[in-house]
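2 protein chains.
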Amino acid sequence: MRLSRYFMPTLRDAPADAQIVSHRLMLRAGLVRQEAAGIYAWLPLGLRVLRKIEQIVREEMDRAGAVEILMPTLQLADLWRESGRYDDYGEEMLRIKDRHERDLLYGPTAEEVVTDIFRSYVRSYKDLPKNLYNIQWKFRDERRPRFGVMRGREFLMKDAYSFDVDEAGARASYNRMFLAYLNTFARMELQAIPVRADTGPIGGDLSHEFIILAETGESEVFAHRDLVEMGAPGPDIDWFGDLQPLVDQRTRLYAASDEMHDQARFEAEAPPEKRMTARGIEVGHIFYFGEKYSKPMKAVIAGSDGVERPAQMGSYGVGVSRLVAAIIEASHDDAGIIWPESVAPYGVGIINLRPGDAAVDAACERAYAALTTAGKEPLLDDRDERPGAKFASLDLVGLPWQLIIGPKGLAEGNVELKRRATGERQAMPLEAALKVIAP
Amino acid sequence: MRLSRYFMPTLRDAPADAQIVSHRLMLRAGLVRQEAAGIYAWLPLGLRVLRKIEQIVREEMDRAGAVEILMPTLQLADLWRESGRYDDYGEEMLRIKDRHERDLLYGPTAEEVVTDIFRSYVRSYKDLPKNLYNIQWKFRDERRPRFGVMRGREFLMKDAYSFDVDEAGARASYNRMFLAYLNTFARMELQAIPVRADTGPIGGDLSHEFIILAETGESEVFAHRDLVEMGAPGPDIDWFGDLQPLVDQRTRLYAASDEMHDQARFEAEAPPEKRMTARGIEVGHIFYFGEKYSKPMKAVIAGSDGVERPAQMGSYGVGVSRLVAAIIEASHDDAGIIWPESVAPYGVGIINLRPGDAAVDAACERAYAALTTAGKEPLLDDRDERPGAKFASLDLVGLPWQLIIGPKGLAEGNVELKRRATGERQAMPLEAALKVIAP
């Protein structure tokens, strides 16, 4: 993409009401624009990051055997009356009447809809397990939306729902999601810690939150250091084999957020040198809740014995739009964002220090063509701007590499290659720089 | 994908209230499920088609220089009060109050939001032209939603908005979209006819609808045969050069839908053998409307003379979810859907005629692996079902190829390869069949 034809409206200063660093940087780098309280438009650069995160989440869901569907944003109130949640949900639910005075709502989550879909088509244990997920906009009418897309009202969520014939099956489904989440966050270069969670208003027996480490995070997390260092299981595990050992290996080590923290247990279970306390941000939440929806909504499954029983369900959420902000909280410096390669909106920024200079233009075009062919998605700053402004805006938007091409360097046969994460700059011939970026 | 792990709930019969063939086939093939009047969930197969159509639309927009953003589904009523449309829009607009009694609405279109984004950042003619598009769910509260996703209430639309400093620039932007639309529909193997359109409630001077030919289409279209045969300009035109000749070549030939048809002019402008009358479906609509929104909303641009003038705008819509139905209307037979390759949910269905037979299973796995590697996205029917049911469901869901593998054929060293569009079947060795599908 050439900046002269793009739309990347960076700002010198963030609005004063942007309190946290990710919110400030998202506004300054032109990733989003607030349209109403807690409601954002995604500008080109922000949308590209959102889509890359979405795609990683999708690939890891698919790998773990989940099947993608797409549920509508608006839902029938009657379905929520069936589950009994319509009156309980409170003011966070955006209630709507259509022109015929029918009660609709903007889905804050989709247990009811997916249970309705499931019961319409699936009857037999032979068709299980099933895990249906979707990545769709949701709405929660927060009383005080703030922190940008971190706590917005309209937000993009991946929500998956598993259906099994018995508890053992449901636990296997839960384990697949538990491990898929670790892989998902690892691909975004995030350190994610699964902590046991309160099952809260959704109810049920078993639940974990996934908290990624970020110095500026909203909550505190306490964990055994071995858990943090253990990392993700990787994609090549046997997803339909016995995953319990891999899950146990992680859940037997102490990990808790402030809500559930028990200092005495922490000290009993982790020796001092293994006790880690850090700030973090919740980016995922998984639940096993059994028959909570399937029973009132009569989503029943005939077992191998011919007897019908309510399906055993779980649900699994990832805050996709929230992750954009969470990654920034985990990876930035004073100059701006530092995107991990896997979610960077473009792989490399090419800075043309003197547009109009034939040699510089030609070198930029050669770099642009070569990097495009190599799949590195270059963003070429061909604007008529001061070099200082170009450096500042590329640091701000945080692409992994900067390739700086100017007349002085070229006269010596060199361009300059800068790694955004480290700030390291090195002069070298263009061809050598291209080999570093796209080996 | 293996059907044993998939979710493809085909139905023997469509509900009686599904009146048009695409609606019946979408329900029977398990592409969508109605969740409320005019509100659909997209099941796995339907979602894959929707995403492929969306991606073609995206690629052709990008090629023509438009830049993707994403606007929220909910919008502030106040913006629509600025443009003067809030009170005019009528009952099709879904009006919503949030918990603080602020007026929101579910966007039926996004001229106001995009104009607001534009005016917040862009001030100078140097930054133009700009064309911002998004592919987002919209809502129009139709009094009588029907025909499935063809006339739904919650629907996926691509809407692009161009901003130029003067009318000549705006016409160039219009021309890019005009030609990009022809390329877009051509990639879906649709015959699209641009017809001059009434500018209607959006207002303005210049407008075309794009109607794709389908025997079961909703409206009648009258066109000079040369226009139909001229086809799309292809991707390799100079998008920022003078496109007027390519547009004129097409707009000087007679084309009208029933609304705007003038039989006398038709007969004057086309000799009898060149007069084509056919059924069609509107899938796109483009407008040039000048200052209609930029003036009341004060989206002004400083020209090279330093004088500020309202930006010249156009808008350009494609019904993305509607296209799923429109393609089916244009391409089906008594047995089911016939997907064009570019939007087919999977490229080839592999029918295992006897799961459990070691030789058949092995051949199916070999085919599955080879076709996956070749990027042909195979769908393997490994279910324990009668062959007849497997044939019927693959015909119904309409993948371009069927690869039929059974014990009898294998004993003779053959599999059977069927082309869905023609029904042609041919016995040949597996390796030969793989070469035909993935040359």
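These protein sequence lines are chains A and B, in that order.
Sequential numbering from -14 applies to the first sequence in the working numbering.
Sequential numbering from -14 applies to the second sequence in the working numbering.
A virtual CB, placed ideally from N, CA and C, is assigned to each residue, including glycine.
Distance from the Cα of Met142 of chain A is smallest, within the candidate group A:Asp112, A:Ala95, A:Leu167 and A:Ile222, for A:Ala95.
Under the three-state reduction of DSSP output, Ser289 of chain B falls in the coil class, being neither helix nor strand. For the C-beta of Gly334 of chain A, not a single chain B residue is nearer than 8 Å; the gap to the nearest is close to 17 Å. For Ala(-1) of chain A, same chain residues with a beta-carbon under 6 Å away, outside a window of 5 residues either side, are Arg9, Leu12 and Arg13 in chain order.
Per DSSP, Ala3 of chain B is not a residue of any alpha helix (DSSP H), being assigned neither H nor E. Taking the C-beta atoms as reference points, Ile422 of chain B is found no nearer than 8 Å to Leu379 of chain B. The DSSP assignment places complete alpha helix (DSSP H) segments of no fewer than 4 residues inside the segment 38 to 106 of chain B at 62 to 68 and 96 to 106, in order along the chain. When the five nearest sequence neighbours on each side are left out, the beta carbons in the same chain lying within less than 7 Å of the beta carbon of Pro295 of chain A are those of Glu276, Ser279, Lys280, Ala284 and Val285, in order along the chain. The continuous stretches of beta strand (DSSP E) do not include Val305 of chain A, which lies in the alpha helix (DSSP H) extending over residues Val305 to Ala315.
Here the segment 132 to 141 of chain B does not lie against the segment 155 to 162 of chain B, with fewer than 3 beta-carbon pairs under 8 Å apart. Under the three-state reduction of DSSP, Ile178 of chain B is assigned to strand. Under the DSSP assignment, Met261 of chain A falls outside any alpha helix (DSSP H), being part of the beta strand (DSSP E) whose first and last residues are Arg260 to Gly275.
The beta carbon of Gln60 of chain A falls within 8 Å of a beta carbon belonging to chain B, placing the residue at that interface. Sorting A:Val382, A:Ala171 and A:Asp149 by C-alpha distance to the C-alpha of Ser327 of chain A places A:Ala171 at the top. When 9 Å is used as the limit between beta carbons, Glu20 of chain A is near these residues of chain B: Met56, Pro57, Leu59, Gln60, Leu61, Leu64, Val98, Asp101 and Ile102, in chain order.
Any Cβ of chain A closer than 8 Å to the Cβ of Gly50 of chain B would place that residue at the interface, and such an atom is present.
Look at the beta carbons and you see the segment 68 to 81 of chain A not touching the segment 245 to 263 of chain A: under three pairs across the two are nearer than 8 Å.
The C-alpha of Arg(-10) of chain A lies about 33 Å from the C-alpha of Ala311 of chain B. Close partners of Ile24 of chain B in chain A (Cβ separation under 7 Å): Pro57 and Leu59. Only residues of its own chain outside the window of five on either side were considered, and among them Leu167, Asn168 and Ala171 have a CB closer than 7 Å to the CB of Ala217 of chain B, listed in chain order.
Residues of chain A with a Cβ closer than 9 Å to the Cβ of Ser158 of chain B do not exist; the shortest Cβ-Cβ separation is about 13 Å. For Ala287 of chain A, the closest C-alpha among the options A:Arg(-3), A:Glu67, A:Phe148 and A:Leu59 is that of A:Phe148. With its beta carbon less than 8 Å from one in chain A, Leu79 of chain B belongs to the interface. In this structure, the beta-carbon distance from Leu16 of chain A to Leu(-4) of chain A does not fall below 8 Å. Around the beta carbon of Pro257 of chain A, fewer than 16 other beta carbons lie within 10 angstroms, which makes this residue exposed.
A Cβ of chain B is located within less than 8 Å of the beta carbon of Glu76 of chain A. A Cβ-Cβ separation of about 11 Å leaves Val345 of chain A out of contact with Arg351 of chain A under the 8 Å criterion. One Cα belongs to Leu381 of chain A, the other to Gly299 of chain A, and the distance between them is close to 40 Å. Under the DSSP assignment, Arg161 of chain A falls in the alpha helix (DSSP H) whose first and last residues are Glu152 to Arg172. At a cut-off of 8 Å between C-beta atoms, Asp126 of chain A counts as an interface residue with respect to chain B. Cβ-Cβ distances below 7 Å link Gln19 of chain A to Tyr25 in the same chain, with the five nearest sequence neighbours on each side left out; the list follows chain order.
In the three-state scheme derived from DSSP, where H, G and I count as helix and E and B as strand, Glu252 of chain A is classed as helix.
When C-beta distances to chain A are compared with 9 Å, the residues of the segment 194 to 228 of chain B below that value are Phe225, in chain order.
Around the beta carbon of Gly373 of chain B, fewer than 16 other beta carbons lie within 10 angstroms, which makes this residue exposed.
At the C-beta level, Ser316 of chain B and Leu35 of chain B stay beyond 8 Å of one another. C-alpha of Pro57 of chain B to C-alpha of Pro93 of chain B: approximately 11 Å in a straight line.
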